[in-house]
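In case it helps, the working numbering puts the sequence shown at residues 13 to 571. Glycine included, C-beta positions come from ideal geometry on N, C-alpha and C. See structure below.
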Amino acid sequence: MNYQKTNCLLAIVLLFMLMVFAEGVRAENEAPAVETDSALLTGKLNDIVNNIALQQKEIESRLPLLKKAKTEQEKNKIQAEIDEISRAIEEQTLSFEMILTAGQELAKETKEIEPFDWQKDLLEVLEPVLSELRQMTEDRRKQDNLKKRIAFYQNQDKEIGEVLKHIAKFDKSILEPVALEQFEQIEKKWRDEFQENDHLLEVAQFQLNEMVRSQEAREIPFQEHVRQFVVGRGATLMMALGAFAGIYLLLIGFWKLMVRIIIRKNVRWTYYQRLTALIYHSFTIMLAIAAMFYVFSVRDDQVLLAVTVLLLVSVIWVLKNSIPRYINELKLLLNTGAVREGECINYQGITMKIDRLQYYARLFNPVLPDLKLRVPLSELINYVSRPCAEDEPWFPCRVGDYVMLNDDRYGRVKCITLDSVQLSLSDGAMPQTYAVSDFLSASPKNLSEGFLITSVIGIDYQYQPQGTTAIPKLFQEGIRERLLQEPYGQSLKGIWVNFELANASSLDYKIIVTFEGSAAGDYYTIKRDLQRFAVDVCNQQQWNIPFGQLVIHQGTTAS
């Protein structure tokens, strides 16, 4: 698709340059021809006329011979000579006119009644552009043609000269009368051919010189080309673009005003409202294009009209293979496709809600207010939406939350984008970035929504009589009292101490505490304090702690 767009852009640039230079070419053609040496011009024209008269006499002299010819072979030979002289007369007559007009010719009108053919009709529409191209290259083509003729005549002169040199080597004195007569006829034929060819060479060179002088006289500077374009075709182009923009903006503004008056801002559009909007926007574009054509017609600029038609046809031709995709986009636009407004999709690993389905779709995530997307409908063709649940898990965390990954990595969420999630320490130090897919696959636990920490401590078997009754309560009250004295104590939700296990050398007790999310930043502090406070309770009660029985266990998230 990018390749097709590039080709369209190049075509537009080339057509623009064509219009600029064609304007200058037209001005050059309208410029007066240069005056040349009158005497030289008159002499050359007289030579052409005299040469034509001589050739006509040659034709007249051969006509009786044609009538007297007895065999078909003689008739064909004489007729071929007459035809060749006639072509030379026609060519010199044309040269006479070309010298007088400095190479300019009148176009001939041809009218033919033909059956309808859309391809020919399209070519007729594009005829002004092709005509401008022909006009731009006409002088150059004529000059190239004359140069080829001059080169041909020069080569002919060289070859004929070689033939005459070869003929001159023969000794005519030893020839019999009949052979001498034939010899002289052939020699005269080649000398006449040399004179005729030399004459045509001079005429072609003179035509070329006259054409170059005329072109130099009509030539105008590049600044004049630009000025003529600005006041002529450029003004027409600006008027057409202004008409297009004016009509389009006026109708779009009217539509937005009516939508604001009739339809409330946050109300979801119905199918018929969407269909009406689609028809109205299509009508707006067609009317704006019609305004451009109207300007071209009023200004009588068939070239710009043809260029516009060519561009429209090119755009349609380029987009014809994309019609099925555009049909799917129209279904989305009308809210009848696989993706519906108000539902949600999994877009690049993140659940996104579809806020609006217009020419562009607006997606957002309710728990990530900064994550809003504006994507073209073509991006959603391969998606299938579903209704959103009331407790939809839009994303595991928000910016500012504290999370714990399944490999015990802990941090504060610093930034969330469509591509990555960045974690850091509480003060923003040591940021670490994860791809969204990697972050979600690590099963992050959001500590800012509440969390649970467990710890285990063991005491000596000598306290076994009170091990399942008084000791758990003493641990619980002692640790609670100490937790409430800490800054994070206000976030304490509950604490439980239960007898867990009669271990090999100790009686083990599990300490379970739950906190609100506001204490998530002190997660590791709380974890250490649980062991510290448990040891303090043992010291107060003078309980012995067997060596190696202090064990800290990983906490889990509480809802």
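Backbone CA spacing between residue i and residue j [nearest angstrom]
i: residue 382; j: residue 429; result: 8 angstroms
i: residue 74; j: residue 321; result: 59 angstroms
i: residue 378; j: residue 404; result: 10 angstroms
i: residue 267; j: residue 250; result: 25 angstroms
i: residue 189; j: residue 65; result: 32 angstroms
i: residue 553; j: residue 547; result: 10 angstroms
i: residue 360; j: residue 307; result: 48 angstroms
i: residue 558; j: residue 479; result: 15 angstroms
i: residue 46; j: residue 151; result: The pLDDT assigned to residue 46 is 40, lower than 50, so where the model puts this residue is not dependable; a value taken from the coordinates is nonetheless given after this. Each residue's Cα considered, the two are about 15 angstroms apart.
i: residue 468; j: residue 495; result: 16 angstroms
i: residue 79; j: residue 85; result: 13 angstroms
i: residue 254; j: residue 165; result: 57 angstroms
i: residue 384; j: residue 513; result: 52 angstroms
i: residue 304; j: residue 212; result: 52 angstroms
i: residue 202; j: residue 235; result: 54 angstroms
i: residue 545; j: residue 497; result: 11 angstroms
i: residue 72; j: residue 246; result: 59 angstroms
i: residue 431; j: residue 535; result: 28 angstroms
i: residue 70; j: residue 62; result: 13 angstroms
i: residue 43; j: residue 242; result: Residue placement at residue 43 is poorly supported in this model, since its pLDDT is 41, which falls under 50; the coordinates still yield a value, given next. C-alpha separation (whole angstroms): 19 angstroms.
i: residue 482; j: residue 408; result: 41 angstroms
i: residue 167; j: residue 319; result: 45 angstroms
i: residue 517; j: residue 555; result: 14 angstroms
i: residue 99; j: residue 301; result: 53 angstroms
i: residue 106; j: residue 88; result: 27 angstroms
i: residue 48; j: residue 224; result: Per-residue confidence for residue 48 stands at a pLDDT of 45, beneath the threshold of 50, marking its modelled position as unreliable; the derived number appears in the next sentence. So the two alpha carbons sit approximately 11 angstroms from each other.
i: residue 443; j: residue 426; result: 8 angstroms
i: residue 367; j: residue 375; result: 6 angstroms
i: residue 297; j: residue 274; result: 23 angstroms
Contact under 8 angstroms by Cβ, residue i with residue j
i: residue 418; j: residue 390; result: no
i: residue 421; j: residue 412; result: no
i: residue 299; j: residue 323; result: no
i: residue 581; j: residue 524; result: Outside the shown range of the chain (13 to 571) lies residue 581, about which nothing can therefore be said.
i: residue 373; j: residue 387; result: yes
i: residue 101; j: residue 67; result: yes
i: residue 216; j: residue 316; result: no
i: residue 369; j: residue 353; result: yes
i: residue 271; j: residue 362; result: no
i: residue 459; j: residue 414; result: yes
i: residue 457; j: residue 400; result: no
i: residue 291; j: residue 340; result: no
i: residue 380; j: residue 410; result: yes
i: residue 206; j: residue 187; result: no
i: residue 60; j: residue 104; result: yes
i: residue 199; j: residue 179; result: yes
Cβ shell of residue i (< 8 angstroms), same chain only, five flanking positions each side left out
i: residue 398; result: 355, 356, 357
i: residue 309; result: 317
i: residue 182; result: 195
i: residue 347; result: 281, 283, 286, 353, 369
Identity of the residues DSSP links to residue i by a beta bridge
i: residue 425; result: 435
i: residue 514; result: 519
i: residue 387; result: 373
i: residue 368; result: 374
i: residue 380; result: 377
i: residue 466; result: 524
i: residue 447; result: 432
i: residue 416; result: 422, 457
i: residue 83; result: None, per the DSSP bridge assignment.
Close Cβ partners of residue i (< 6 angstroms) along its chain, the five nearest in sequence each way excluded
i: residue 503; result: 527, 528, 530, 531
i: residue 311; result: 248
i: residue 121; result: With a pLDDT of only 49 at residue 121, under the threshold of 50, the placement of this residue in the model should not be trusted; the figure read from the coordinates follows. Closer than 6 angstroms at the Cβ level, and outside the excluded window around residue 121, lies no residue.
i: residue 450; result: none
i: residue 350; result: 396
i: residue 97; result: 67, 70, 71
i: residue 77; result: 90
beta-carbon residue i near the ligand HEM non-hydrogen atom, thresh 7 angstroms
i: residue 449; result: For the ligand HEM, the structure offers nothing, since it holds no ligand at all.
Same chain, Cβ closer than 7 angstroms to residue i, neighbours up to 5 away in sequence not counted
i: residue 492; result: 507
i: residue 210; result: 169
i: residue 406; result: 363, 377, 378, 379
Neighbour flag for residue i against chain D, beta carbons, 8 angstroms
i: residue 376; result: No chain D appears in this structure, which consists of one protein chain only.
Check whether the segment 464-484 touches the segment 427-445, counting contact only when three or more Cβ pairs, one atom from each stretch, lie closer than 8 angstroms. no
Segment contact flag, the segment 252-266 with the segment 325-334, C-beta cutoff 8 angstroms, min 3 pairs: no
At a cut of 8 angstroms, does the segment 212-220 reach the segment 158-173 through at least three beta carbon pairs? yes
So does the segment 333-341 actually touch the segment 278-287, counting three or more Cβ pairs closer than 8 angstroms? no
Is the segment 482-490 in contact with the segment 505-522, if contact means three or more CB pairs nearer than 8 angstroms? yes
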